[in-house]
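There are 2 protein chains.
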Amino acid sequence: MTQDYDKRPDDLRIDNLKIDDLRRAFRRQGLRLTPQKVTVWRLFADSTKGLTLPEACRALQEYAIGQATVYRVVNSLCELGFLLHIHGPNGEHRYLAGHSGHVHHLICRTCGHVREVTDCDLSTLEKLLAAQTGFAVEGHHLEFYGQCPRCTPLPG
Amino acid sequence: MTQDYDKRPDDLRIDNLKIDDLRRAFRRQGLRLTPQKVTVWRLFADSTKGLTLPEACRALQEYAIGQATVYRVVNSLCELGFLLHIHGPNGEHRYLAGHSGHVHHLICRTCGHVREVTDCDLSTLEKLLAAQTGFAVEGHHLEFYGQCPRCTPLPG
DNA sequence: CACCTTTATGATAATTTTTCTCAATGACTC
DNA sequence: GAGTCATTGAGAAAAATTATCATAAAGGTG
Ligand SMILES: [Zn+2]
Ligand SMILES: [Zn+2]
Ligand SMILES: [Zn+2]
Ligand SMILES: [Zn+2]
């Protein structure tokens, strides 16, 4: 039976459509979709500010998922493009469930709250750089940082 | 005598002017400039692709600098803005001696070679984001990645 | 559905990285 | 030159990451 995901505690909600995306993506690499992978994915998909690996390990202990598995799954999810890394308030690596397509992030330096930024056109600059440097520019990583509304000190 | 830096092996060259900048910056925080700090700085100032902390520790063993010191100094240099972090080919954190001012980087995904990018105007976008999201946008971090000329597979 | 092949998992150990502690050293001020 | 106080490095300790390997189970097959 492939469908025992329902047994999983559902305090980690996510649209089930994505599960099929996951399965397809893993399959394509000859990998298998397991309940553990789904649970790991759900944890991240549900997080608004991303998690560090140790944080994820601690959170997933509750579901009896070993840390070796967490490390492996997070790596896979990264390689498959389901997770991106961003930097938290202290510069620490955090993994964030990413939507598909070209997306960047606006990160609060105080509380770590993350907001997506879809407005970005650096393609012109990329072409210019390629011409100037001889690099074959393949992409970019862009993070904005500042203070989210809740953390912004009141003006005046 | 404050000037026993010359005793240091000079296979790590750097313009001496910067040393005074360092001293001033440290002083401003009530910190002292020591030969160890200078040596650490020189190592980074001389690196073209940046170093990870462990790499720096290994390299500085030769100069009998303890790892505790390396960690401390790198942190200070970061806070003072002399070092920036970038991501190497495998996503690992690397510390790179940064020039002052607004600078980004173009990083080879194969060999890690880094090239500076000074051409960037995201201020317009920053203002737009601030208006749209309510964030007080303070800055951004931008990395381009691709293949440097030497690593680019020949076309055709 | 039962079977089989192959990947995945998790307990454990081993490494590596990072942080602490503290006595001794040395930078900088007066 | 003397005194103050940040700095240093050895070493211990903690934390994070990776490696092993016997066992469990996913997914395909008939
Ligand atoms: Zn905030
Ligand atoms: Zn972009
Ligand atoms: Zn990073
Ligand atoms: Zn290269």
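Protein sequences, first through last, are from chains E and X. 14 is the number of the first residue of the first sequence in my numbering; add one for each residue after it. 14 is the number of the first residue of the second sequence in my numbering; add one for each residue after it. For every residue, glycine included, the Cβ atom is placed at its ideal position computed from N, Cα and C.
Using a C-beta to C-beta distance shorter than 8 Å, which residues of chain X count as neighbours of GLY147(E)? Here the neighbours are CYS161, PRO162, THR165.
Which residues bound the alpha helix (DSSP H) around TYR84(E)? From DSSP, the alpha helix (DSSP H) with TYR84(E) extends over 80–92.
With a CB to CB cut of under 7 Å and the five nearest residues on each side skipped, what residues in its chain are close to THR61(E)? Around THR61(E): HIS126, VAL127.
Taking 8 Å as the threshold (beta carbon to beta carbon), is ASP23(X) in contact with chain E? Only weak support is given to the placement of ASP23(X): the predicted model assigns it a pLDDT of 38, under 50, and the question is left unresolved by the model.
How about PHE57(X) and LEU96(X): are their beta carbons less than 8 Å apart? Closer than 8 Å, so yes.
Terminal residues of the continuous beta strand (DSSP E) containing GLN160(X)? Run containing GLN160(X): 149–160, per the beta strand (DSSP E) assignment.
Can you determine whether any heavy atom of ligand 3 sits closer than 7 Å to the C-beta of HIS106(E), and answer yes or no? Yes.
Identity of the residues DSSP links to ALA58(E) by a beta bridge: Partner(s): none; ALA58(E) has no beta bridge.
Enclosing alpha helix (DSSP H) for ARG71(E) [first to last residue]: For ARG71(E), the enclosing alpha helix (DSSP H) starts and ends at 66–74.
Name, in chain order, the residues that DSSP records as bridge partners for GLU129(X). Per DSSP, HIS118(X).
How is ALA110(X) classed by DSSP in three states: helix, strand or coil? Residue state, collapsed to three classes: strand.
Assuming the contact rule is C-beta atoms closer than 8 Å, VAL83(X) and ALA69(X) should be a hit. Round their C-beta distance to whole Å, please. In this structure, VAL83(X) and ALA69(X) form a Cβ contact; the two beta carbons are roughly 5 Å apart against a cut-off of 8 Å.
Is there contact between the segment 154–161 of chain E and the segment 102–120 of chain E, where contact requires at least three CB pairs shorter than 8 Å? Contact holds: three or more Cβ-Cβ distances are below 8 Å.
Supposed close pair GLN49(E), VAL87(E) - CB separation, criterion 8 Å: At roughly 12 Å, the Cβ-Cβ gap does not stay under 8 Å, so GLN49(E) and VAL87(E) are not in contact.
Run through the DSSP bridge pairs and tell me what LEU96(E) is partnered with. Per DSSP, ALA110(E).
Please say whether CYS164(E) and CYS121(E) have beta carbons closer to each other than 8 Å? In this structure, CYS164(E) lies closer than 8 Å to CYS121(E) by Cβ.
Please confirm if GLU156(E) has its CB atom under 8 Å from at least one CB of chain X. Contacts with chain X at 8 Å (Cβ-Cβ) include GLU156(E).
Answer yes or no: does any C-beta atom of chain X fall closer than 8 Å to that of ARG128(E)? At least one chain X Cβ lies under 8 Å of ARG128(E).
Contact under 8 Å by Cβ, PHE148(E) with PRO162(X): Between PHE148(E) and PRO162(X), the CB-CB gap stays under 8 Å.
Less than 8 Å between the CB atoms is what I'm expecting for LEU46(X) and LEU35(X), so what's the real figure, rounded? That pair is a contact at about 6 Å.
Can you tell me whether ALA81(X) is buried or exposed? The criterion is at least 16 other CB atoms within 10 Å of its CB, across all chains shown. The residue in question, ALA81(X), is exposed, as its Cβ has fewer than 16 Cβ neighbours within 10 Å.
Assigned exposure category for ALA110(X) - 16 Cβ within 10 Å defines buried: With 16 or more Cβ atoms within 10 Å of its Cβ, ALA110(X) is classed as buried.
Could you tell me the distance, in whole angstroms, from the CA atom of ASP59(X) to the CA atom of TYR108(X)? Near 12 Å, if we compare the C-alpha coordinates of TYR108(X) and ASP59(X).
Closest to PHE39(X) by CA distance: which of THR131(X), CYS91(X), GLU129(X), GLU105(X) is it? Nearest to PHE39(X) by alpha-carbon distance, out of THR131(X), CYS91(X), GLU129(X), GLU105(X), is CYS91(X).
Assigned secondary structure, THR42(E) (DSSP; H/G/I helix, E/B strand, else coil): First, the residue type needs correcting, since residue 42(E) is Gln and not Thr in the sequence shown. Collapsing the DSSP output to three states places GLN42(E) in coil.
Close beta carbons around GLU139(E), own chain, < 6 Å, minus the five adjacent residues each side: For GLU139(E), where only same-chain residues beyond five positions count, the Cβ hits under 6 Å are VAL150.
Is any non-hydrogen atom of ligand 2 found closer than 7 Å to the C-beta of HIS117(E), if you look at the structure I gave you? Flag set: Cβ of HIS117(E) near ligand 2.
Cβ-Cβ separation, VAL130(X) to LEU142(E) (assumed contact under 8 Å), whole Å: About 6 Å; that satisfies the 8 Å criterion.
As a quick check of your reading: which residues have a C-beta less than 5 Å from at least one non-hydrogen atom of ligand 1, in chain order? Cβ-based neighbours of ligand 1 within the cut-off: CYS121(E), THR123(E), CYS124(E), HIS126(E), CYS161(E), CYS164(E).
Does DSSP classify PRO48(X) as helix, strand or coil? Correct three-state label for PRO48(X): helix.
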